[in-house]
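**Q** Take a look at this one; I'll ask things after.
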Amino acid sequence: MSNHQTATPPPRKAWRVPSYWPFVIPALIVVAGIIVFPWLFTIWMSMHEWKVGAPTTFVGLANYIRLPSDPRFVEAVGHTITYTLLSVILPVIFGTFAAVIFHQKFPFRGFLRGLFIMPMMATPVAVALVWTMMFHPQLGVLNYILSLFGLPAELWVFHPGSVIPSLVMVETWQWTPLVMLIVLGGLSAIPSEPYESARIDGANAWQMFRYITLPLITPFIFVASMIRMIDAVKSFDIIFAITQGGPGSASETINLYLYSVAFVYYDIGYGSAIAVVFFVLIVVLAAIMLYMRQRLHWNQTGGAA
Amino acid sequence: MFKNTLSRRTLLQGTMAAGAMSAGGLGLGPLPALADPQWKKYAGTKLEVLLAKGPRGDNFQKNIKEFTDLTGIEVESEQVPEQQQRQKAVIELASGKPSFDVVHLSYHVQKRQFEKGGWLADLSGFMKDPNLTASDLTESDFSAAGLKYAKDDKGRLLSLPWSVDYFILYYNKEMFEKKNIAVPKTFDEMVAAAEKLTDPAAGTFGFVGRGLRNANMTLWTNFFLNYGGEFLDAKGEILTDGPEAIEATKLYQKLLTKYAPPGVSGFNWMESMASFTQGRSAMWLDGVGWAPPLEDPSASRIVGKVGYTVVPAGPKGQYSATYGDGIGIAAASKNKEAAFLLCQWAVSKKQGARLLQAGGGVPFRNSILNDQDVRNGVKLPKEWVQSVIDSAKISKLGLPVVIPVAEFRDLVGAGVTATLSGGDPAAELKKAHEQFRPILERSEKS
Numbered sequence: 001m002s003n004h005q006t007a008t009p010p011p012r013k014a015w016r017v018p019s020y021w022p023f024v025i026p027a028l029i030v031v032a033g034i035i036v037f038p039w040l041f042t043i044w045m046s047m048h049e050w051k052v053g054a055p056t057t058f059v060g061l062a063n064y065i066r067l068p069s070d071p072r073f074v075e076a077v078g079h080t081i082t083y084t085l086l087s088v089i090l091p092v093i094f095g096t097f098a099a100v101i102f103h104q105k106f107p108f109r110g111f112l113r114g115l116f117i118m119p120m121m122a123t124p125v126a127v128a129l130v131w132t133m134m135f136h137p138q139l140g141v142l143n144y145i146l147s148l149f150g151l152p153a154e155l156w157v158f159h160p161g162s163v164i165p166s167l168v169m170v171e172t173w174q175w176t177p178l179v180m181l182i183v184l185g186g187l188s189a190i191p192s193e194p195y196e197s198a199r200i201d202g203a204n205a206w207q208m209f210r211y212i213t214l215p216l217i218t219p220f221i222f223v224a225s226m227i228r229m230i231d232a233v234k235s236f237d238i239i240f241a242i243t244q245g246g247p248g249s250a251s252e253t254i255n256l257y258l259y260s261v262a263f264v265y266y267d268i269g270y271g272s273a274i275a276v277v278f279f280v281l282i283v284v285l286a287a288i289m290l291y292m293r294q295r296l297h298w299n300q301t302g303g304a305a
Numbered sequence: 306m307f308k309n310t311l312s313r314r315t316l317l318q319g320t321m322a323a324g325a326m327s328a329g330g331l332g333l334g335p336l337p338a339l340a341d342p343q344w345k346k347y348a349g350t351k352l353e354v355l356l357a358k359g360p361r362g363d364n365f366q367k368n369i370k371e372f373t374d375l376t377g378i379e380v381e382s383e384q385v386p387e388q389q390q391r392q393k394a395v396i397e398l399a400s401g402k403p404s405f406d407v408v409h410l411s412y413h414v415q416k417r418q419f420e421k422g423g424w425l426a427d428l429s430g431f432m433k434d435p436n437l438t439a440s441d442l443t444e445s446d447f448s449a450a451g452l453k454y455a456k457d458d459k460g461r462l463l464s465l466p467w468s469v470d471y472f473i474l475y476y477n478k479e480m481f482e483k484k485n486i487a488v489p490k491t492f493d494e495m496v497a498a499a500e501k502l503t504d505p506a507a508g509t510f511g512f513v514g515r516g517l518r519n520a521n522m523t524l525w526t527n528f529f530l531n532y533g534g535e536f537l538d539a540k541g542e543i544l545t546d547g548p549e550a551i552e553a554t555k556l557y558q559k560l561l562t563k564y565a566p567p568g569v570s571g572f573n574w575m576e577s578m579a580s581f582t583q584g585r586s587a588m589w590l591d592g593v594g595w596a597p598p599l600e601d602p603s604a605s606r607i608v609g610k611v612g613y614t615v616v617p618a619g620p621k622g623q624y625s626a627t628y629g630d631g632i633g634i635a636a637a638s639k640n641k642e643a644a645f646l647l648c649q650w651a652v653s654k655k656q657g658a659r660l661l662q663a664g665g666g667v668p669f670r671n672s673i674l675n676d677q678d679v680r681n682g683v684k685l686p687k688e689w690v691q692s693v694i695d696s697a698k699i700s701k702l703g704l705p706v707v708i709p710v711a712e713f714r715d716l717v718g719a720g721v722t723a724t725l726s727g728g729d730p731a732a733e734l735k736k737a738h739e740q741f742r743p744i745l746e747r748s749e750k751s
């Protein structure tokens, strides 16, 4: 369409450099320098056998071909997906629940809200170190709490089977408040009339939540999920500080594996290939969510109904 | 404070004093001739040094003023935590323009990598030059393991061996006495002792050691070597999934699952040490350098109760897995001679004695270890010194000398850790080596 317009411009005056160019160029240079160039360079590196201290050779797609046959990478993809799914779903459920509670009027609400968002403000590495102590099977407070209820001691992050759920617990604890803040914003934008008429019609609290609140806040939940998804997929600090991908490689996500390959094994070419695939994975996940949004008409307040 | 501060002064004074010294029982090794390097020749030069954080770095920085006073060479040094220091060194050396002249390197991780990169200056020539090298610094003074680490396959000396790390067995004497158990001399005795000392209800365990992937390989290789394992065959093929490795892993699995505290699969040396210093674990197999914190009342509940001995013997031998670090000169440095004087000072008898006496490391030089006066100055228990000396006799390199050491430790280490949650030793090792072999092949052929 726009082509059509530019193809037949009204011949008013000769073309000259638009006056806004001087203002746009600095931004363009910055974007090209810190976003476009590193990306092109990463792709270029991923096509090379590139090890620190050795001459580089062009190998085409060999690094990419190596990926599917690398069990550590395949496992890392699995860990990343599990980790991401859990750390999107849990904070979204708890965050929505918390938002509904904090939307009610009760004494000290402001103070308690402030208290609730504290975890979000803490540095992830500091959080991770505190949780590492809490997870300690002998000295940690979590097993002490379990023992109060007569439950057997758990190994938490020290067992391959429970390490990802344990890490997700930390992630959930830290990022539930973010979801709550976003959803809370949504809740305060809902008009009160639908509730009044629902009450007249005899709806109970659950029905009001399910058929009025939930559809109205779905767009906000969607935004929160999107932010959580992008955050969770590239989560590094919490995992690295608590387990470094262990025990064994049971909690090694793509991000951690990528770090090892590039900065511990100094295999820059292969590392770049992983980075490219990782980027594609994030884009695909985001695209799936956007597609779901379109399908479910989450973008229209009020939902498909 | 140190007897050997005298030795330098007396050396300058002449043979008579030197004679008096040896009469006094100071075993200086081969009596030094009068030749001293021309320390002052490079006065005014400025050197940059990249150190790994730790007791070696501390000992270096604490006394560096003495070197500047001696030579007139200015030294700027920084200590960076080990992992980051390794990264920084590799990235800067690979760039061809490192910001440092002298670098502290970790032999068991970086030896082959540095050699292949050609990043270190050849010191063989300097060693032969009496204007640069004190006569008491000879290659033969370094232990065999040190020379093996410092020399490349062409026999060139690329660094000076600085500090060696043997694995020794730390044990809690009180716990052993309570159960009336003798100090284990073999693996079988160690397992039997661990079994008797384990009482999960009381929260005490017989054995503790590194279970964390990667870190655990330094412990595991003690078992591997003592089951008769060799890392590489003549063709450079890796052998750590052979029968010796499987036996070693079985022992590792048994000790760390049955007789060790829960969660040991996430333990590095720090967590292991915590369990040991709390008196919750009776035996701990780790590097020789941890004695100072064990004997420090503010960090340990078992001061004075720690026993030190060599790694127990396995069915096919008795070795102490040995690691170490050295100090070398960047090939790109413009001040190689001055840098050599600095390296020489860092591994000098005086500095080495200080390191040993503080328990911060064990010098590779026999003339320091065998010096009775130096030994007498050690503040740690006599047993510790004895375990160091005995370990030197059974020392064997603790990791395969290959380029992808980090990959080896990560992959095989992950397999070994997996056995702690029920994995089958043979199957896990096989799986790990299926991943590691192609990496090794790729690195050796490129």
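Heads up: the sequence lines are chains R and W, in that order.
Quick note: the first sequence, position 199, residue 199 per the working numbering, numbers continuous.
To get the working numbering, take the position in the second sequence, counting from 1, and add 305.
For every residue, glycine included, the Cβ atom is placed at its ideal position computed from N, Cα and C.
Keep in mind it's a predicted model, so treat the numbers as computed, not measured.
Got a sec: is the Cβ-Cβ distance from W/Ser726 to anything in chain R below 8 Å?
**A** Taking the second sequence and counting its residues from 1, one reaches residue 726 of chain W at position 421. Closer than 8 Å to some Cβ of chain R, the Cβ of W/Ser726 qualifies, so yes.
**Q** Can you say whether W/Gly720 is buried or exposed, counting buried as having 16 or more other CB atoms within 10 angstroms of its CB?
**A** For the purposes of this step, residue 720 of chain W is identified with residue 415 of the second sequence, where counting begins at 1. In this structure W/Gly720 is buried. Its beta-carbon is surrounded by 16 or more other beta-carbon atoms within 10 angstroms.
**Q** Taking the alpha carbon of R/Leu167 as the point to measure from, which residue in R/Pro91, R/Asp201 and R/Ile242 has its own alpha carbon closest?
**A** The residue given as residue 167 of chain R occupies position 167 in the first sequence. Selected option, being the one with the closest Cα: R/Ile242.
**Q** Is W/Ser327 helix, strand or coil by DSSP?
**A** Walking along the second sequence from the start, residue 327 of chain W turns up at place 22. Note on W/Ser327: pLDDT 40, under 50, position unreliable in the model; the coordinate value appears next. DSSP, read as helix, strand or coil, puts W/Ser327 in helix.
**Q** Within its chain, find whatever has a CB closer than 8 Å to the CB of W/Leu599; leave out the 5 residues flanking it on each side and keep chain order.
**A** Taking the second sequence and counting its residues from 1, the one referred to as residue 599 of chain W is at position 294. Excluding sequence neighbours, W/Leu599 sits near Tyr475, Met578, Phe581, Thr582, Ser605, Ile607, Val608 and Val611.
**Q** Quick check on W/Ala719 - is its C-beta less than 8 Å from some C-beta in chain R?
**A** Translated into the one-based positions of the second sequence, residue 719 of chain W becomes position 414. Yes, because at least one Cβ of chain R sits closer than 8 Å to the Cβ of W/Ala719.
**Q** Given a limit of 8 Å on CB to CB distance, which residues of the region 236-252 of chain R reach chain W?
**A** Thr243, Gln244, Gly245, Gly246, Pro247, Gly248 and Ser249
**Q** In chain order, what are the residue ranges of uninterrupted alpha helix (DSSP H) at least 4 long that sit wholly in the region 431-511 of chain W?
**A** Qualifying alpha helix (DSSP H) stretches, in chain order: 449-455, 478-483 and 492-502.
**Q** Using beta carbons (cut-off 8 Å, strictly below), is W/Ser570 in contact with chain R?
**A** Taking the second sequence and counting its residues from 1, one reaches residue 570 of chain W at position 265. Yes, its Cβ sits closer than 8 Å to a Cβ of chain R.
**Q** Over what stretch of residues does the beta strand (DSSP E) that includes W/Tyr613 continue unbroken?
**A** In the second sequence, counting from the first residue as 1, residue 613 of chain W sits at position 308. Note, W/Tyr613: beta strand (DSSP E), Val611 to Val615.
**Q** Based on the DSSP output, what are the partners of W/Pro668 in its beta bridges?
**A** Residue 668 of chain W sits at position 363 when you count from the first residue of the second sequence. Answer by DSSP bridge pairing, in chain order: W/Ser468.
**Q** Determine the chain R residues that contact W/Glu712 at a beta-carbon separation under 7 Å, and present them in chain order.
**A** As a working note, residue 712 of chain W is residue 407 in the second sequence. Neighbours of W/Glu712 on chain R, chain order: Tyr265.
**Q** Please name the residue, chosen from W/Trp650, W/Pro567, W/Val710 and W/Asn640, that lies closest to W/Glu371 on a Cα-to-Cα basis.
**A** Walking along the second sequence from the start, residue 371 of chain W turns up at place 66. Of W/Trp650, W/Pro567, W/Val710 and W/Asn640, the residue nearest in Cα terms is W/Trp650.
**Q** Which residues in chain W have a C-beta closer than 9 Å to the C-beta of R/Pro72? List them in chain order.
**A** In the first sequence, counting from the first residue as 1, residue 72 of chain R sits at position 72. According to the sequence displayed, residue 72 of chain R carries Arg and not Pro. The contacting residues are Asp715, Leu716, Ala719 and Gln740.
**Q** Can W/Val652 and W/Trp424 be called in contact, C-beta distance under 8 Å?
**A** Sequence index remark: in the second sequence, residue 652 of chain W carries index 347 (1-based). Sequence index remark: in the second sequence, residue 424 of chain W carries index 119 (1-based). With respect to the 8 Å criterion, W/Val652 and W/Trp424 are not classified as neighbours on the basis of their beta carbons.
**Q** Does R/Leu155 have its Cβ less than 8 Å from a Cβ in chain W?
**A** Taking the first residue of the first sequence as position 1, residue 155 of chain R is located at position 155. Output row for R/Leu155: interface = yes.
**Q** Using a cut-off of 7 Å between C-beta atoms, extract the partners of W/Ala399 located in chain R.
**A** Counting from one through the second sequence, the residue named residue 399 of chain W turns up at place 94. Residues of chain R passing the Cβ test: Val52 and Gly53.
**Q** Excluding sequence positions up to five away, which residues of its chain have a Cβ less than 6 Å from the Cβ of W/Ala596?
**A** Here the question's residue 596 of chain W lines up with position 291 in the second sequence. If we look at W/Ala596 and ignore the five residues flanking it on each side, its Cβ neighbours are Gly664, Leu685 and Trp689.
**Q** Check the DSSP bridge columns for W/Lys639 and list the partner residues they point to.
**A** One-based indexing of the second sequence puts residue 639 of chain W at position 334. None, per the DSSP bridge assignment.
**Q** Hey, how far is the Cα of W/Phe510 from the Cα of W/Gly516?
**A** Within the second sequence, residue 510 of chain W is the residue found at index 205, counting from 1. Within the second sequence, residue 516 of chain W is the residue found at index 211, counting from 1. Rounded to the nearest angstrom, the two C-alpha atoms are 15 Å apart.
**Q** Indicate whether at least one CB of chain W lies closer than 8 Å to the CB of R/Phe158.
**A** Position 158 of the first sequence, counted from the first residue, corresponds to residue 158 of chain R. Chain W contact via Cβ: present.
**Q** Can you list, in chain order, the residues of its chain with a C-beta nearer than 8 Å to that of W/Gly727? Leave out the 5 residues immediately preceding and following it.
**A** Mapped onto the second sequence, residue 727 of chain W falls at position 422. None.
**Q** Could you confirm whether any beta carbon from chain W is found closer than 8 Å to the beta carbon of R/His136?
**A** By one-based count along the first sequence, residue 136 of chain R stands at place 136. Yes, R/His136 lies at the interface with chain W (some Cβ there is under 8 Å from its Cβ).
**Q** When you compare each of W/Gly541, W/Glu542 and W/Tyr532 to W/Tyr557 by their alpha carbons, which one comes out closest?
**A** Within the second sequence, numbered from 1, the residue matching residue 557 of chain W stands at position 252. The shortest Cα separation from W/Tyr557 among W/Gly541, W/Glu542 and W/Tyr532 belongs to W/Tyr532.
**Q** Given that a residue counts as buried once 16 or more other Cβ atoms are within 10 Å of its Cβ, and exposed if not, what is R/Ile200?
**A** As a working mapping, residue 200 of chain R is identified with position 200 in the first sequence. By the neighbour-count rule (16 or more Cβ atoms within 10 Å), R/Ile200 is not buried but exposed.
**Q** If I measure Cβ to Cβ from W/Lys559 and keep anything under 8 Å in the same chain, skipping five residues before and after, which residues do I get?
**A** Along the second sequence, one-based indexing puts residue 559 of chain W at 254. Excluding sequence neighbours, W/Lys559 sits near Val496.
**Q** Let me check one thing: in DSSP terms, what residues is R/Thr57 bridge-paired to?
**A** Your numbering for residue 57 of chain R matches position 57 in the first sequence. Beta-bridge pairing links R/Thr57 to R/Glu49.
**Q** Does the beta-carbon distance from R/Gly248 to W/Thr722 come in below 8 Å?
**A** Translated into positions along the first sequence, residue 248 of chain R becomes position 248. Translated into positions along the second sequence, residue 722 of chain W becomes position 417. A contact, by the Cβ cut-off of 8 Å.
**Q** Reducing DSSP to helix, strand and coil, say where R/Tyr266 ends up.
**A** Taking the first sequence and counting its residues from 1, one reaches residue 266 of chain R at position 266. Reduced to three states, the DSSP call for R/Tyr266 is coil.
**Q** Just the Cα atoms here: how many angstroms apart are R/Gly202 and R/Tyr195?
**A** The residue you call residue 202 of chain R lines up with position 202 of the first sequence. The residue you call residue 195 of chain R lines up with position 195 of the first sequence. Distance between the alpha carbons of R/Gly202 and R/Tyr195: 10 Å.
**Q** For R/Ser166, decide whether its Cβ has a neighbour in chain W, counting only Cβ atoms nearer than 8 Å.
**A** Mapped onto the first sequence, residue 166 of chain R falls at position 166. No - not a single Cβ of chain W is within 8 Å of the one on R/Ser166.
**Q** Measuring only the C-alpha atoms, how far is R/Phe111 from R/Phe102?
**A** Residue mapping note: residue 111 of chain R aligns to position 111 of the first sequence, counting from 1. Residue mapping note: residue 102 of chain R aligns to position 102 of the first sequence, counting from 1. Pairing R/Phe111 with R/Phe102, the inter-Cα distance amounts to about 11 Å.
**Q** Between which two residues does the beta strand (DSSP E) containing W/Asp630 stretch?
**A** By one-based count along the second sequence, residue 630 of chain W stands at place 325. It spans Ser625 to Ile634 - the beta strand (DSSP E) in which W/Asp630 sits, taken as one unbroken run.
**Q** Please check the pair W/Lys701 and W/Leu590, which I expect to be a contact at CB under 8 Å, by giving their CB distance rounded to whole angstroms.
**A** What you label residue 701 of chain W is simply residue 396 of the second sequence in a count that begins at 1. What you label residue 590 of chain W is simply residue 285 of the second sequence in a count that begins at 1. Rounded, the Cβ-Cβ distance is 15 Å, inconsistent with contact.
**Q** Taking the beta strand (DSSP E) that W/Glu381 falls in, what are its first and last residues?
**A** For the purposes of this step, residue 381 of chain W is taken as the residue at position 76 of the second sequence. Glu379 to Val385 is the extent of the beta strand (DSSP E) around W/Glu381.
**Q** Identify the continuous alpha helix (DSSP H) that holds R/Val30 and give its terminal residues.
**A** What you label residue 30 of chain R is simply residue 30 of the first sequence in a count that begins at 1. It spans Trp21 to Val31 - the alpha helix (DSSP H) in which R/Val30 sits, taken as one unbroken run.
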